[in-house]
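Residue numbers (the working numbering), protein chains in the order written: chain A, 31 to 405; chain B, 275 to 453.
All C-beta atoms in this analysis are idealised placements derived from N, C-alpha and C, irrespective of residue type, glycine included.
Encoded as structure tokens, the structure appears first; notes follow it.
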């Protein structure tokens, strides 16, 4: 919320307005109302998170819905409407919701992506934007601090100070861009995100615990309470307590997964996606997982495939002479940036030694089998 | 015809990028988005992407994510130019050509059609014609006026004349394909 306010103030400051976008900025009174909407959107953005954030949302929420769907359900609740009504001026819950979750998710579950007009898109960029969204600025700094790793840090003060609303030279629409002087801070954010994902969020041990956690939650809860009250009552504490109980009781639903979490009996990495194998087969991870399942049984093998998160990191850059270029033209980091895909196959720790040996002996054969494709 | 799997989708998109680059040298994300929409909705290539109206007309967030996966697998790559970033075929396009020759051959004409009609157009031109096709396939009103009006309702920056010409162009494409 604090970061959203800072970004809003910088990009709407009269001294920072580029002549090409003067006409899109509303009057002062409307701007103040928007400032509140954007700050609230940032504050409420993750209200829909299930316990332990993303760990089990795909498995537990119905019909392919994600936590943003619950965020809007909470924002539209009677209690939240009452809270918002008491503000002066009172923000529209749906307007806050649109800014909080962005056009993709809004268009998928609640309306149309085109419900967000030019100015709305700028405002949601402040919160959810791929390049400079405060959500990611905040979680990278916060997570790197709490995890004790340095590679998630970057100079967010410099970055925010140099953000500007600029018209993209070829897309011909206003976007949040940056002054040339801030490009290195922006590159540092991009690299920080890359390293945090590969070394922390997608670390194989964390992924293994995600699998056990989601299996436990599915067996313990069966279905997740998607009503607002039920959702808000379900916190990390309830889950941790249930894990402790189930780990001690062999008859409890989810006992095996709970035991693996509580006693560090998690599945171990037996195979990881790599460039050499990907060149042999684009579905190398799936093939290896299938072969291991056939050899060691379904219950002993798990796999996790995470496609690269496509990021729109093409943004305008204000050059010293007042002209506008783009991130991919001015920065070799952005020009060559490619999001990484992750794929890991896990095995029951008791079978790890046998599985490693078997895989070493058979991998070449598994990956050389021909694919049969229809048209 | 059943919907393609991810590898087959990648093969068609990579072929599109390769052919587009060979023809005029620039193939940005808007070009890919609109070409895939035309292939899917007009030429009935079973790519199965979910499209909705967005900033520059029909847009698929699913396709946007798929392009990210293709980049991660070196099937396509981004190349910066003075006009913005263009896609180009990546090192792994040979893999696609080896493993999905039947898919590529079956839809070669569709790829050629979109490259012939769309390559070289700017973002605004692509927006107009793709939006015209969107309303041609999603509304019951088949008249040129009716579809032009719908374009103007969601895209007021498009003039009445531009909207009408875009709808007429889509109708010419349909006649060409029917002949």
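Discussion item. Residues of the stretch 326–354 of chain B in Cβ contact with chain A at a cutoff of 9 Å, in chain order, please.
Written reply: 326, 327, 328, 329, 330, 333, 335, 338, 339, 340, 341, 342, 343, 345, 346, 347, 348, 349, 351, 352, 353 and 354
Worksheet item: Looking at residue 287 of chain B and residue 310 of chain B, is the spacing between their C-beta atoms short of 8 Å?
Response: Along the second chain, read from residue 1 onward, the residue named residue 310 of chain B stands at position 36. Along the second chain, read from residue 1 onward, the residue named residue 287 of chain B stands at position 13. The answer is yes: Cβ separation under 8 Å.
Worksheet item: Taking the Cβ atom as the reference point for each residue, do residue 358 of chain B and residue 155 of chain A lie within a distance shorter than 8 Å?
Response: Residue 358 of chain B sits at position 84 when you count from the first residue of the second chain. Residue 155 of chain A sits at position 125 when you count from the first residue of the first chain. Taking 8 Å as the Cβ cut-off, residue 358 of chain B and residue 155 of chain A do not qualify as a contacting pair.
Worksheet item: How big is the Cα-Cα spacing for residue 336 of chain B and residue 324 of chain B?
Response: Here residue 336 of chain B refers to the residue found at position 62 when the second chain is read from its first residue. Here residue 324 of chain B refers to the residue found at position 50 when the second chain is read from its first residue. Straight-line Cα distance between these residues: approximately 7 Å.
Item to complete: Tell me where the beta strand (DSSP E) around residue 373 of chain A begins and ends.
Response: Position 343 of the first chain, counted from the start, is the residue given in the question as residue 373 of chain A. Element bounds for residue 373 of chain A: 372–377.
Worksheet item: For a contact meaning CB atoms closer than 8 Å, what does residue 320 of chain A contact in chain B?
Response: For the purposes of this step, residue 320 of chain A is taken as residue 290 along the first chain, with counting starting at 1. Those do not exist, as residue 320 of chain A stays about 15 Å from chain B at its closest Cβ, beyond 8 Å.
Worksheet item: Near residue 299 of chain A, which residues of its chain fall below 7 Å by C-beta distance, leaving aside the five closest residues on each side in sequence?
Response: Against the first chain, residue 299 of chain A aligns to sequence position 269. So the qualifying residues of the chain are 234, 374 and 376.
Worksheet item: Under the three-state reduction of DSSP, which class applies to residue 299 of chain A: helix, strand or coil?
Response: The count along the first chain starts at 1 and reaches residue 299 of chain A at position 269. Of the three classes helix, strand and coil, the one that applies to residue 299 of chain A here is strand, per DSSP.
Fill in: Three-state secondary structure (DSSP) of residue 152 of chain A
Working through the first chain from its first residue, we reach residue 152 of chain A at position 122. In this structure, residue 152 of chain A counts as helix in the three-state DSSP scheme.
Practice prompt. Ignore the nearest five residues each way along the sequence and tell me which others in residue 65 of chain A's own chain have a CB closer than 7 Å to its CB.
Written response: Position 35 of the first chain, counted from the first residue, corresponds to residue 65 of chain A. So the list reads 35 and 38, once near-sequence residues are dropped.
Item to complete: Go through its chain and collect everything with a Cβ distance to residue 408 of chain B's Cβ below 6 Å, but skip five positions before and after it.
Response: Taking the second chain and counting its residues from 1, one reaches residue 408 of chain B at position 134. Correct list, in chain order: 332.
Item to complete: Mind checking who residue 262 of chain A pairs with in its DSSP beta bridge?
Response: Locating residue 262 of chain A in the first chain gives position 232, counting from the first residue. According to DSSP, which records beta bridges pairwise, residue 262 of chain A is partnered with nothing at all.
Item to complete: Let me know if residue 105 of chain A comes out buried or exposed under the rule of 16 or more other beta-carbons within 10 Å of its beta-carbon.
Response: Here residue 105 of chain A is taken as the residue at index 75 of the first chain, counted from 1. Under this definition residue 105 of chain A is a buried residue.
Worksheet item: By the criterion of Cβ-Cβ separation under 7 Å, what are the contact partners of residue 359 of chain B in chain A?
Response: Position 85 of the second chain, counted from the start, is the residue given in the question as residue 359 of chain B. Simply 344 and 358.
Discussion item. Bridge partners for residue 444 of chain B per DSSP, in chain order?
Written reply: As a position in the second chain, residue 444 of chain B is number 170, starting the count at 1. Looking at the DSSP assignment, residue 444 of chain B forms no beta bridge with any residue, so it has no partner.
Worksheet item: Terminal residues of the continuous alpha helix (DSSP H) containing residue 240 of chain A?
Response: Numbered from its first residue, the first chain carries residue 240 of chain A at position 210. 234–251 is the span of the alpha helix (DSSP H), which, as asked, contains residue 240 of chain A.
Discussion item. Can you list, in chain order, the residues of its chain with a C-beta nearer than 7 Å to that of residue 279 of chain A? Leave out the 5 residues immediately preceding and following it.
Written reply: If you number the first chain from 1, residue 279 of chain A lands on position 249. For residue 279 of chain A, where only same-chain residues beyond five positions count, the Cβ hits under 7 Å are 285.
Practice prompt. Report the residues of the stretch 183–211 of chain A with a CB closer than 8 Å to any CB of chain B, ordered along the chain.
Written response: 199, 200, 201, 202 and 203
Worksheet item: Any chance the stretch 361–368 of chain B sits against the stretch 175–187 of chain A, with 3 or more Cβ pairs inside 8 Å?
Response: no
Discussion item. For residue 378 of chain A and residue 331 of chain A, what's the separation of their Cα atoms in angstroms?
Written reply: Within the first chain, the letter at position 348 stands for residue 378 of chain A. Within the first chain, the letter at position 301 stands for residue 331 of chain A. Roughly 6 Å between the two C-alpha positions.
Worksheet item: For a contact meaning CB atoms closer than 7 Å, what does residue 400 of chain B contact in chain A?
Response: Mapped onto the second chain, residue 400 of chain B falls at position 126. Per Cβ cutoff of 7 Å: no residues; residue 400 of chain B is ~11 Å from chain A at best.
Worksheet item: At a CB-CB cut-off below 7 Å, which residues of chain B make contact with residue 34 of chain A?
Response: Residue numbering aside, residue 34 of chain A sits at position 4 when the first chain is read from its first letter. By Cβ distance, chain B contributes nothing, its closest Cβ being about 22 Å from residue 34 of chain A, past 7 Å.
Worksheet item: What residues in the stretch 380–408 of chain B bring their beta carbon closer than 9 Å to a beta carbon of chain A?
Response: 380, 381, 396, 397 and 398
Worksheet item: What does residue 67 of chain A touch in chain B if you count any residue whose Cβ is under 9 Å from its own?
Response: Here the question's residue 67 of chain A lines up with position 37 in the first chain. Residues of chain B passing the Cβ test: none, with the nearest at roughly 21 Å.
Discussion item. Excluding the 5 residues flanking residue 121 of chain A on each side, which residues of the same chain have their C-beta closer than 7 Å to its C-beta?
Written reply: As a first step, residue 121 of chain A must be located in the first chain, where it is residue number 91. Result list for residue 121 of chain A: 66, 67, 70 and 114, in chain order.
Practice prompt. Measure the alpha-carbon distance for residue 188 of chain A versus residue 102 of chain A and round it to whole angstroms.
Written response: Against the first chain, residue 188 of chain A aligns to sequence position 158. Against the first chain, residue 102 of chain A aligns to sequence position 72. Answer to the nearest angstrom: the Cα atoms are 33 Å apart.
Practice prompt. Consult DSSP for residue 341 of chain B and reduce its assignment to one of helix, strand or coil.
Written response: For this step, residue 341 of chain B is matched to residue 67 along the second chain. Reduced to three states, the DSSP call for residue 341 of chain B is helix.
Item to complete: Hey, could you find the ends of the beta strand (DSSP E) residue 205 of chain A is sitting in?
Response: As a working mapping, residue 205 of chain A is identified with position 175 in the first chain. Unbroken beta strand (DSSP E) run through residue 205 of chain A: 204–209.
Worksheet item: In this structure, what does DSSP give as the bridge partners for residue 333 of chain A?
Response: In the first chain, counting from the first residue as 1, residue 333 of chain A sits at position 303. A:375, per the DSSP bridge assignment.
Practice prompt. Could you tell me if residue 427 of chain B is buried or exposed, where buried requires 16 or more neighbouring beta carbons within 10 angstroms of its beta carbon?
Written response: The residue labelled residue 427 of chain B in the question sits at position 153 within the second chain. Exposed: under 16 other Cβ atoms inside 10 Å.
Fill in: Inter-stretch contact (C-beta, 8 Å, three-pair minimum) for the stretch 157–172 of chain A and the stretch 80–87 of chain A
no
Item to complete: Note down, in chain order, every chain A residue with its Cβ under 8 Å from the Cβ of residue 356 of chain B.
Response: Position 82 of the second chain, counting from 1, holds the residue named residue 356 of chain B. Within chain A, the residues near residue 356 of chain B are 359.
Fill in: Segment limits, alpha helix (DSSP H) that includes residue 367 of chain A
The count along the first chain starts at 1 and reaches residue 367 of chain A at position 337. That residue, residue 367 of chain A, is in no alpha helix (DSSP H); it is neither H nor E in DSSP.
Worksheet entry | residue 225 of chain A versus A:214, A:263, A:183 and A:238, residue with shortest Cα-Cα distance | As a working note, residue 225 of chain A is residue 195 in the first chain. Out of A:214, A:263, A:183 and A:238, A:183 has the C-alpha closest to the C-alpha of residue 225 of chain A.
Discussion item. Going by DSSP in three states, residue 358 of chain B sits in which element: helix, strand or coil?
Written reply: Mapped onto the second chain, residue 358 of chain B falls at position 84. Three-state DSSP puts residue 358 of chain B in a strand.
Worksheet entry | residue 278 of chain B versus residue 376 of chain B: straight-line alpha-carbon distance, rounded | Along the second chain, one-based indexing puts residue 278 of chain B at 4. Along the second chain, one-based indexing puts residue 376 of chain B at 102. Looking at the two C-alpha atoms, the distance is approximately 12 Å.
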